[in-house]
Structure formats: C-alpha cells, structure tokens
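Working notes for the structure below.
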Amino acid sequence: MEIMNALALLSNYLVVPALAYGSQLALGALGVTLVYGILRFSNFAHGELMAFGTMAVILMTWFLQAQGISFGALPTELLALPVGILATVVLALGTDRVVYRFHRSKKSQPVIFLIASLAVMFFYSGLTRFIIGTADRNMGDDGARFIFTAREFKEWSGLDEGIALRTTQGITVVVTLVCVVALFWFLNRTRAGKSMRAYSDNEDLALLSGVNPERVVLIAWILAAALATVAGTMYGLDKTFKPFIYLQLLLPIFASAIVGGLGSPVGAVAGGFVIAFSEITVTFAYKRVLTYIMPGDNVPDGLVQLLSTEYKFAVSFVILVVVLLVRPTGIFKGQSV
Amino acid sequence: MSNRVRISSLFAVMAILLVTVGVVQSPSLALAILNLCLISAVMALGINIQWGYAGLLNVGIMGFAALGGVAAVLVSKGPVAETIAVGAPGLLVALLVTVVTIALIVLVYRSMKGRLRSLLVTLIVVAGYFTARNFFDPAVVAIESTDSAATGYLGGLGLPIIFSWLVGGLFAGGAAWLIGKVSLGLRSDYLAIATLGISEIIIAVLKNEDWLTRGVKNVTGLPRPYPVPYEVEIQQSPAFQSWATYLGVDVVELSSIVVKLAYSGLFAIVLLIILLLCESALRSPWGRMMRAIRDNETAAEAMGKDVKGRHLQVFILGSAVVGIAGAMLTTLDGQFTPGTYNPLRFTFLIWAMVIIGGSGNNWGAVLGGFLVWFFWVEAEPVGLWFIDLLTSGMDETNPLRQHLLSGAAFMRLMAMGIIMLLVLRFAPKGLIPESRR
Numbered sequence: 015m016e017i018m019n020a021l022a023l024l025s026n027y028l029v030v031p032a033l034a035y036g037s038q039l040a041l042g043a044l045g046v047t048l049v050y051g052i053l054r055f056s057n058f059a060h061g062e063l064m065a066f067g068t069m070a071v072i073l074m075t076w077f078l079q080a081q082g083i084s085f086g087a088l089p090t091e092l093l094a095l096p097v098g099i100l101a102t103v104v105l106a107l108g109t110d111r112v113v114y115r116f117h118r119s120k121k122s123q124p125v126i127f128l129i130a131s132l133a134v135m136f137f138y139s140g141l142t143r144f145i146i147g148t149a150d151r152n153m154g155d156d157g158a159r160f161i162f163t164a165r166e167f168k169e170w171s172g173l174d175e176g177i178a179l180r181t182t183q184g185i186t187v188v189v190t191l192v193c194v195v196a197l198f199w200f201l202n203r204t205r206a207g208k209s210m211r212a213y214s215d216n217e218d219l220a221l222l223s224g225v226n227p228e229r230v231v232l233i234a235w236i237l238a239a240a241l242a243t244v245a246g247t248m249y250g251l252d253k254t255f256k257p258f259i260y261l262q263l264l265l266p267i268f269a270s271a272i273v274g275g276l277g278s279p280v281g282a283v284a285g286g287f288v289i290a291f292s293e294i295t296v297t298f299a300y301k302r303v304l305t306y307i308m309p310g311d312n313v314p315d316g317l318v319q320l321l322s323t324e325y326k327f328a329v330s331f332v333i334l335v336v337v338l339l340v341r342p343t344g345i346f347k348g349q350s351v
Numbered sequence: 409m410s411n412r413v414r415i416s417s418l419f420a421v422m423a424i425l426l427v428t429v430g431v432v433q434s435p436s437l438a439l440a441i442l443n444l445c446l447i448s449a450v451m452a453l454g455i456n457i458q459w460g461y462a463g464l465l466n467v468g469i470m471g472f473a474a475l476g477g478v479a480a481v482l483v484s485k486g487p488v489a490e491t492i493a494v495g496a497p498g499l500l501v502a503l504l505v506t507v508v509t510i511a512l513i514v515l516v517y518r519s520m521k522g523r524l525r526s527l528l529v530t531l532i533v534v535a536g537y538f539t540a541r542n543f544f545d546p547a548v549v550a551i552e553s554t555d556s557a558a559t560g561y562l563g564g565l566g567l568p569i570i571f572s573w574l575v576g577g578l579f580a581g582g583a584a585w586l587i588g589k590v591s592l593g594l595r596s597d598y599l600a601i602a603t604l605g606i607s608e609i610i611i612a613v614l615k616n617e618d619w620l621t622r623g624v625k626n627v628t629g630l631p632r633p634y635p636v637p638y639e640v641e642i643q644q645s646p647a648f649q650s651w652a653t654y655l656g657v658d659v660v661e662l663s664s665i666v667v668k669l670a671y672s673g674l675f676a677i678v679l680l681i682i683l684l685l686c687e688s689a690l691r692s693p694w695g696r697m698m699r700a701i702r703d704n705e706t707a708a709e710a711m712g713k714d715v716k717g718r719h720l721q722v723f724i725l726g727s728a729v730v731g732i733a734g735a736m737l738t739t740l741d742g743q744f745t746p747g748t749y750n751p752l753r754f755t756f757l758i759w760a761m762v763i764i765g766g767s768g769n770n771w772g773a774v775l776g777g778f779l780v781w782f783f784w785v786e787a788e789p790v791g792l793w794f795i796d797l798l799t800s801g802m803d804e805t806n807p808l809r810q811h812l813l814s815g816a817a818f819m820r821l822m823a824m825g826i827i828m829l830l831v832l833r834f835a836p837k838g839l840i841p842e843s844r845r
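Chains as they are written, first to last, in the working numbering: chain A, 15 to 351; chain B, 409 to 845.
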C-alpha cells in the first residue's frame with residue numbers, strides 16, 4: 015500500500031505534468047525540426063511564433079465568448095484553434111515571402127537565415143506585445159476543470175494519495191497524439207510528405223526528381239505555424255499565457271530538437287519527452303515519496319530535491335551539452351556538423 | 409564615397425542627433441543616452457570581434473554582461489564579516505569537494521576507456537554532488553539568514569570598483585572558455601543555442617543564489633569609480649555653487665551633468681582603448697589569419713592554421729569585452745539587479761547594433777551601438793507622439809486610442825526588427841562595410 019501511495023504521488027506530481035509538458039515541447043520541437051530540415055536553419059523566431067499563435071487563439075476565444083458560444087465541457091480555446099492556426103500560417107507565409115524567400119534566391123549562408131530569424135523574432139515579439147500587452151492571461155477558464163479530481167481518485171482507489179487529471183492536461187496529450195499521428199501519416203503516406211522528406215534528405219536529388227522547392231517550403235511553413243499555434247495554445251492552457259515565457263521556452267524546445275536529432279521528426283517527439291521528464295525528475299522534491307517508501311517512521315530532512323525548480327533550464331542545457339559532446343547527431347541521427 | 413568619409417559623416421550625424429536631444433529635451437538626458445551609447449558600443453565591439461572577425465554566433469550576450477555585473481558587486485562591496493564567519497568554511501569545503509570531483513573525473517576520463525569509464529564518471533559525479541551539497545546547503549542557509557534584510561550575502565573584496573571592469577572581463581572570458589570548449593567545432597547553430605542556454609542559466613543562478621549576490625533582493629549603493637563625484641557633495645562646495653551662478657545653471661542640474669560627464673569620460677577612454685586594440689589586431693597578421701579562417705575554414709586549416717584554437721581564442725576575447733561592458737553598466741547604474749536582464753534588451757538589441765552598424769568593421773560596430781541605442785531610447789517618446797498625432801481625431805476615452813497609446817512602447821521592437829531586415833536585405837554589410845584590405 016505504501017508503495018502504491020508513493021507511485022500515486024509520483025504520478026500526480028511527476029508523470030502527469032511531465033507528459034503534458036513533454037507533449038508541448040514535442041509539438042514545439044517538431045516545428046523547429048521541420049523548418050530546420052527543409053530550410054536548414056535554426057529558427058529563433060519559433061518561440062515568438064508560438065506566442066503569436068496563442069494570442070490569436072485568445073483573441074478568437076474572447077470573441078466567441080462574447081457571442082455566448084462555448085464548447086461544453088471543453089475550453090472554448092479548442093474551438094478558436096483553427097482561426098488561430100490560420101492567422102499564424104498567414105503570418106509565417108507572409109514572413110517567408112518578404113524575408114526568407116529573398117535570402118533563398120540569393121543562396122545566403124544558413125547563418126544569415128539565423129540572423130534574419132532574430133530580426134523576425136524582434137518583429138513578432140513587438141507585434142504580439144503591441145496587440146495583447148505583456149500581462150498574464152489566464153486561458154481555459156470555461157469548461158470542466160478536471161477529468162477526475164484527486165478526491166474522486168482517492169475514493170475510487172482507496173489510497174491516501176490522489177491523482178488529479180486536469181482537463182487541459184488530458185487535452186494536451188490527446189491533441190499532441192492526434193497532431194503527431196496526422197503529421198507522420200502526412201510525411202510517410204502522402205506524395206507531398208514524401209517529397210518533403212526527399213527534399214530534406216538530399217536537396218539536389220529531390221530537385222532532379224522534379225520536387226518543387228517552393229511548394230515544399232510552403233508546406234513546411236504551414237506545418238510549422240500550425241504546430242507552433244497548437245503547442246503555444248496547449249502550453250497556455252496548461253499554465254498561463256505570457257509573451258515572455260514563450261521567449262524562454264525557446265531553449266528547452268531547441269534542446270528537444272537537438273537531443274532527438276535536428277531534422278528528424280521522430281527525434282523531436284522523443285527529445286521533447288526526454289527533456290520534460292528529466293527537467294521534472296531532477297527538480298522534483300522527493301521528500302513525501304521517500305516518507306512512504308522508507309521503512310519505519312524515518313522522515314528525510316529537507317525537500318530531497320536535486321535542484322531547485324528555478325534551475326530547470328540548466329537541466330535542458332546539461333542534456334544538450336552531453337548530447338553535443340557524445341552524439342552530436344542526436345538520438346535519431348538528424349543532420350548535423 | 410570612401411569609407412573614411414562615410415565614417416566621419418555618419419558619426420557627425422550621430423553627434424548632431426545627441427546635441428539635438430540636449431537642446432530639445434535636456435542636456436542631462438543627452439548625456440545619459442551618450443553614456444549608454446558608449447557602453448553599448450563596447451558590447452557591440454565584443455560581438456563584432458566574434459561575429460565580424462570569425463563568424464561566431466553568440467546569442468548569450470545577456471549572460472556575459474551579467475557576469476560583468478557580478479564582478480562589480482564582488483569587487484566593490486565590502487566583505488560582510490558575520491556571514492563570512494558563519495558560512496565561509498562550509499563553502500570552502502564544498503568548493504574543495506567540487507574541485508577534487510572535477511579532477512577525479514578528468515583523471516578517470518583520460519586514463520580509462522569504454523563502459524567502465526562511463527560508470528565510474530557517473531559514480532564520481534553523483535558522489536561528488538551529494539558530498540558538496542552536504543557542506544554547501546547548511547552554509548548557504550547560515551549566510552542567507554544572517555541579517556537577510558540588509559546583507560545576507562558574503563559581500564565582496566571592498567576594492568575600487570574600477571578594477572571590476574577587468575574582473576568582469578575575466579569572468580566572462582572564463583565562461584566563454586567553458587562554452588567554447590564544448591560547442592566550437594560543431595555547426596554554427598549549436599554555438600548559438602549553447603550560448604543562449606548558458607546565458608539563461610547564468611541569470612537563473614544570479615537570481616537564486618542569494619549568498620552570492622543577494623539574488624532578486626538586489627545589491628544597491630555600489631561605490632562610484634574614482635573621478636566621478638557624488639551630486640550631493642559637489643552641490644555643497646562653494647566653488648561649484650559659484651560656477652553654477654556664473655554659468656546661469658541650476659546647481660542640481662549642473663551637478664548631474666558633471667557626474668554624467670565624468671562617467672562619459674571614463675567610458676570613452678575604455679571604448680577608445682578597446683577600439684584601438686581591435687583596429688591594430690585587425691591590421692596585424694593575426695587579423696589577416698582570422699579573416700582567412702572566416703572566409704574559408706578548410707583552406708585556412710590546410711595552410712596549417714589551428715582553426716578551433718583561434719575560434720576559441722576569439723570567442724573568449726569577444727566575451728571578455730562584453731563582460732567589461734557589463735561591469736561598466738552596473739557601475740553606471742550603481743546597483744546590481746538580476747531581474748532586469750532581459751534577452752531582448754541585452755542580447756538581441758546588441759545583435760541589431762552589429763548588423764546595422766556593419767559587421768567586420770570596428771567603426772561600424774561602434775556606430776551601430778550609438779545609433780541603435782539612441783533609436784531604442786528615443787523611439788518611445790517619438791512613437792508615443794506619433795500615435796497621439798495619429799489618433800488625435802479620436803475621443804480621449806476611445807478604447808482603440810488608449811490601447812494604441814499603451815502599446816506604443818512595443819512599436820520599437822517591431823521597428824527594430826524591420827530595420828534589421830531591411831539592412832540584411834539591402835545593405836548586408838551594414839552602414840559601414842568592412843574595408844577591403
């Protein structure tokens with residue numbers, strides 16, 4: 015029983031949040047990895063693209079709520095999501111048309127693309143802040159809060175420790191699953207997806223086989239923008255929306271993409287979960303878990319926390335460094351060095 | 409137009425802009441902008457060393473600048489005897505344990521191979537970490553609970569703050585060595601991402617390790633460097649008062665101008681020294697080698713140049729210059745506030761300076777530092793004025809007008825992004841292009 019309690023505690027505070035956070039990172043990293051695979055640069059504006067998409071979703075949600083429309087037990091944000099995706103896709107395609115296409119036609123070095131993406135990041139961040147400001151915005155304030163609460167779980171299982179599953183966490187995992195399955199189906203089964211993979215693997219060969227590069231780029235941006243919006247919205251629903259946080263999310267997202275192997279979609283998903291689980295495992299306070307497991311009435315002093323939560327960035331960074339040192343191509347052999 | 413004419417005319421424009429602010433707004437404000445322009449120029453020079461000379465992408469400027477700020481605190485603040493008494497022994501033991509652990513890891517890493525090595529290294533890391541924490545945690549608790557409202561940290565060396573500029577450079581250079589060792593030699597993107605990470609971590613450490621820098625409780629009242637006087641003191645001197653009446657300026661106003669001028673002088677000296685060093689380095693055989701490496705790494709390597717070593721060297725040098733600028737900034741502020749380090753302002757704005765000014769050209773980087781900072785500060789009032797004008801037909805309480813006015817401050821972010829993109833597209837070499845040698 016003690017062991018079960020410890021497991022329940024771990025699930026509630028470690029596994030469930032890490033699953034949700036990992037899903038968000040995976041979605042973000044997928045966007046980064048797609049852009050990297052096709053356009054061959056690290057898109058530093060991706061975090062701000064997520065912020066913009068989330069903002070569009072919030073604005074649409076407000077509009078819907080003002081019309082008295084809601085989505086029953088689910089948060090209205092899900093209804094607003096398509097509109098947000100549309101707005102972000104338009105923004106991303108517009109950026110590509112105005113900024114990146116010129117540098118593509120000039121065959122600029124990847125590093126120039128990267129610097130251009132810094133400039134784009136400036137622009138996006140100004141745009142988002144100009145429209146919605148810098149304040150915290152709560153998301154998901156309608157619909158049911160929990161799929162099941164800690165108390166319901168305790169009554170059902172008879173344990174002392176409960177597991178709560180918030181609606182937003184459930185949605186995050188389900189939506190990620192849907193997105194990932196759809197994306198892989200697209201990449202592996204459709205003609206357009208196959209041409210994308212071909213282009214990513216070997217540009218010259220793909221061009222010779224008649225792949226239209228502009229079309230591939232177009233699809234890559236549409237997918238990246240859609241994924242960014244979904245990732246940003248899921249993160250916002252799970253936690254809160256604040257433009258600055260999305261800037262900071264850039265590091266774990268890049269870490270996920272690199273750990274999995276830049277350019278490899280499977281790697282991005284795996285990397286997202288690796289980073290999320292390690293971040294939360296290392297910054298989790300094990301005191302109460304140990305209280306259950308340890309024999310007798312031994313209670314450990316202190317929180318038994320490896321690192322305080324403020325250092326969660328350090329975790330993604332250390333993993334990143336280790337991967338760079340040991341296996342620069344990432345777990346799933348992306349393109350590298 | 410030759411580069412020389414271009415440089416002098418652009419700097420003349422910059423001077424006119426600053427003088428205009430001095431006349432239209434106030435001389436004190438113009439000097440305040442000038443001081444930050446000077447510091448920004450030093451930072452931009454540091455990044456230009458990395459990007460312009462060697463093509464290295466550093467996206468962690470914020471972290472290196474913050475390390476300079478820490479140096480200012482650790483050098484200038486007096487030691488706090490009570491906290492040292494309760495905490496220093498524990499910290500020292502923890503430090504010793506860490507050093508021994510690292511030495512052991514290096515030893516094992518060099519002398520063994522295969523699975524056993526990974527296993528042993530992991531074991532040593534775990535054992536070392538917990539032993540160090542065992543001494544570190546109680547010491548930190550003891551330090552932070554000692555008079556936490558006023559001190560609660562170890563304090564510093566109590567030396568003149570001007571030394572911190574050098575120490576800041578050393579700190580930043582040390583951090584750069586660590587990152588460079590890991591990520592140089594890989595794709596350029598990886599260096600960018602690694603520096604982004606380390607800067608976030610540095611800021612997180614500074615915010616949370618209260619025993620070192622008081623964290624978000626901030627360290628205020630840093631002493632000023634030698635020739636810079638305190639306003640209150642000079643206001644009371646009779647000679648100064650007679651000056652003020654002679655010039656027909658308010659005493660308070662004049663004292664603030666004098667203080668800022670003193671800072672400007674100091675910063676200008678530092679900027680000139682670094683600029684001179686940079687220029688002569690670029691002209692030397694070393695500079696030629698750096699350009700050769702930047703333009704064709706393979707060819708340079710084939711000619712027997714140690715590309716990775718040179719990259720590491722230039723990365724350390726550039727970061728050290730950023731660290732110096734960071735220490736200067738904290739000195740000017742007179743306080744260290746880890747909460748104010750924001751990547752948009754401290755990392756990406758500096759990039760805008762280098763790109764807009766002209767990468768590979770030291771004068772370009774300096775001009776970029778001046779121009780972009782000036783624009784950054786002045787865009788806010790100008791943007792506000794512009795929106796006010798644009799919406800003047802609307803009612804005072806019109807929500808759209810109010811929203812636009814409150815968002816005007818963010819327009820400068822958009823404007824900065826657009827200017828950068830325009831420069832990248834139409835003048836990819838910046839305002840002052842690299843001169844052909």
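For glycine and all other residues, C-beta sits at the position ideal for the given N, C-alpha and C.
Does the beta-carbon of R518 of chain B have 16 or more other beta-carbons within 10 angstroms, so that it is buried, or is it exposed? The residue given as residue 518 of chain B occupies position 110 in the second sequence. Burial call: exposed.
Could you tell me whether the Cβ atoms of G476 of chain B and F144 of chain A are closer together than 8 Å? What you label residue 476 of chain B is simply residue 68 of the second sequence in a count that begins at 1. What you label residue 144 of chain A is simply residue 130 of the first sequence in a count that begins at 1. Contact flag unset, no.
Out of B:A817, B:R833, B:G576, B:F834, state which residue places its alpha-carbon closest to the alpha-carbon of G140 of chain A. Position 126 of the first sequence, counted from the first residue, corresponds to residue 140 of chain A. It is B:A817 whose Cα lies nearest to the Cα of G140 of chain A.
For chain A, is any of its Cβ atoms less than 8 Å away from the one on W363 of chain B? Because chain B spans 409 through 845 in this model, residue 363 of chain B falls outside it and cannot be assessed.
Contact residues within the stretch 448 to 478 of chain B, judged by C-beta distance below 8 Å to chain A: G463, L465, V467
Would you verify that the beta carbon of F66 of chain A is, or is not, closer than 8 Å to some beta carbon of chain B? Translated into positions along the first sequence, residue 66 of chain A becomes position 52. It does not: the Cβ of F66 of chain A has no partner Cβ on chain B nearer than 8 Å.
What residue from B:L574, B:P841, B:I826, B:G726 has the CA that sits closest to A133 of chain A's CA? For this step, residue 133 of chain A is matched to residue 119 along the first sequence. The residue with the shortest Cα to Cα distance from A133 of chain A is B:I826.
Helix, strand or coil for P89 of chain A, going by three-state DSSP, please let me know. Taking the first residue of the first sequence as 1, we reach residue 89 of chain A at position 75. Correct three-state label for P89 of chain A: coil.
Excluding the 5 residues preceding and the 5 following I457 of chain B in the sequence, name in chain order all residues of the same chain whose CB lies nearer than 7 Å to its CB. Along the second sequence, read from residue 1 onward, the residue named residue 457 of chain B stands at position 49. Closer than 7 Å at Cβ, skipping near neighbours: C686, V722, L725, G726, V729.
Just checking my contact of G45 of chain A with A238 of chain A at CB under 8 Å: how many whole Å lie between their CB atoms? Reading the first sequence from its first residue, position 31 is the one you call residue 45 of chain A. Reading the first sequence from its first residue, position 224 is the one you call residue 238 of chain A. Right, their Cβ atoms sit about 4 Å apart.
Close-in-space but distant-in-sequence residues of the same chain around R809 of chain B (CB under 6 Å, 5 per side omitted): Walking along the second sequence from the start, residue 809 of chain B turns up at place 401. Excluding residues within five positions, the ones whose Cβ falls inside 6 Å are T799, M802.
Decide if I129 of chain A is buried, meaning its Cβ has at least 16 other Cβ atoms within 10 Å, or exposed. Here residue 129 of chain A refers to the residue found at position 115 when the first sequence is read from its first residue. The residue is buried, with at least 16 neighbouring Cβ atoms inside 10 Å.
Which ranges does the beta strand (DSSP E) cover as unbroken runs of at least 3 residues, wholly within the stretch 40 to 85 of chain A, from first to last along the chain? none
Going straight from the alpha carbon of L829 of chain B to that of A547 of chain B, what length do you get? The residue labelled residue 829 of chain B in the question sits at position 421 within the second sequence. The residue labelled residue 547 of chain B in the question sits at position 139 within the second sequence. So the two alpha carbons sit approximately 51 Å from each other.
I need the boundaries of the beta strand (DSSP E) containing I161 of chain A, first residue and last residue. Working through the first sequence from its first residue, we reach residue 161 of chain A at position 147. Run containing I161 of chain A: 160 to 162, per the beta strand (DSSP E) assignment.
In terms of alpha-carbon separation, which member of A:H117, A:A34, A:L95, A:E16 lies closest to F834 of chain B? The residue given as residue 834 of chain B occupies position 426 in the second sequence. Taking only the C-alpha atoms, the option nearest F834 of chain B is A:H117.
Along the stretch 124 to 146 of chain A, what residues have a CB closer than 8 Å to any CB found in chain B? P124, V125, I126, L128, I129, A130, L132, A133, V134, M135, F136, F137, Y138, S139, G140, L141, R143, F144, I145
Taking any Cβ of chain B, which residues in the stretch 93 to 118 of chain A have a Cβ under 7 Å from it, in chain order? V113, F116
Within chain A, partners of A404 of chain B - CB distance below 8 Å: Because residue 404 of chain B is not part of the residues shown, which for chain B are 409 to 845, the question remains open.
Bridge partners of Q319 of chain A, per DSSP? If you number the first sequence from 1, residue 319 of chain A lands on position 305. BP columns for Q319 of chain A point to A:A299.
Would F77 of chain A pass as an interface residue toward chain D - the criterion being a Cβ-Cβ separation below 8 Å? Among the protein chains of the structure shown, namely A and B, there is no chain D.
Inter-stretch contact (C-beta, 8 Å, three-pair minimum) for the stretch 619 to 627 of chain B and the stretch 740 to 760 of chain B: yes
Cβ neighbour criterion (16 or more within 10 Å) applied to F127 of chain A: Counted from its first residue, the first sequence places residue 127 of chain A at position 113. F127 of chain A comes out buried.
Pairwise C-alpha distance: T247 of chain A and Y598 of chain B: Position 190 of the second sequence, counted from the first residue, corresponds to residue 598 of chain B. Position 233 of the first sequence, counted from the first residue, corresponds to residue 247 of chain A. Those two C-alpha atoms are separated by around 28 Å.
From which residue to which residue does the alpha helix (DSSP H) around R341 of chain A run? Counting from one through the first sequence, the residue named residue 341 of chain A turns up at place 327. It is not in any alpha helix (DSSP H) - R341 of chain A carries neither H nor E in the DSSP assignment.
Determine whether the Cβ of S56 of chain A lies closer than 8 Å to any Cβ atom of chain B. Residue mapping note: residue 56 of chain A aligns to position 42 of the first sequence, counting from 1. Yes, S56 of chain A counts as interfacial toward chain B.
Proximal residues to A43 of chain A (C-beta, below 6 Å), its chain only, five neighbours per side dropped: As a working mapping, residue 43 of chain A is identified with position 29 in the first sequence. If we look at A43 of chain A and ignore the five residues flanking it on each side, its Cβ neighbours are I267, S270, A271, A282, G285, G286.
Name, in chain order, the residues that DSSP records as bridge partners for F255 of chain A. Taking the first sequence and counting its residues from 1, the one referred to as residue 255 of chain A is at position 241. Answer by DSSP bridge pairing, in chain order: A:R151.
Does any residue of chain B have a CB that is nearer than 8 Å to the CB of L44 of chain A? Locating residue 44 of chain A in the first sequence gives position 30, where the first residue counts as 1. By this cut-off, L44 of chain A is not an interface position.
Using CA coordinates, which residue listed in B:L775, B:V785, B:E786, B:L797 is at the minimum distance from V421 of chain B? Position 13 of the second sequence holds residue 421 of chain B. Comparing Cα positions, the closest option is B:L775.
Relative to the C-alpha of G471 of chain B, which residue among B:W784, B:I611, B:I532, B:P807 is closest? Numbered from 1 along the second sequence, position 63 holds the residue referred to as residue 471 of chain B. Nearest of B:W784, B:I611, B:I532, B:P807 to G471 of chain B, Cα basis: B:I611.
Is F77 of chain A near L264 of chain A, with beta carbons less than 8 Å apart? Residue mapping note: residue 77 of chain A aligns to position 63 of the first sequence, counting from 1. Residue mapping note: residue 264 of chain A aligns to position 250 of the first sequence, counting from 1. No, the Cβ-Cβ distance between F77 of chain A and L264 of chain A is not below 8 Å.
Using 10 angstroms around the beta-carbon of N443 of chain B, count the other beta-carbons present and answer buried if the total reaches 16, otherwise exposed. As a position in the second sequence, residue 443 of chain B is number 35, starting the count at 1. It is buried - the Cβ of N443 of chain B has at least 16 other Cβ atoms within 10 Å.
Closer than 8 Å at the beta carbon, the chain A residues around V590 of chain B: Here residue 590 of chain B corresponds to residue number 182 of the second sequence, with the count starting at 1. Those are V335, L338, L339, listed as they occur along chain A.
Can you pull the chain B residues whose beta carbon is under 9 Å from the beta carbon of Q262 of chain A, in chain order? Position 248 of the first sequence holds residue 262 of chain A. E608, P751, listed in chain order.
Quick one: which chain B residues come within Cβ less than 8 Å of I272 of chain A? In the first sequence, counting from the first residue as 1, residue 272 of chain A sits at position 258. Neighbours of I272 of chain A on chain B, chain order: Y598, I601.
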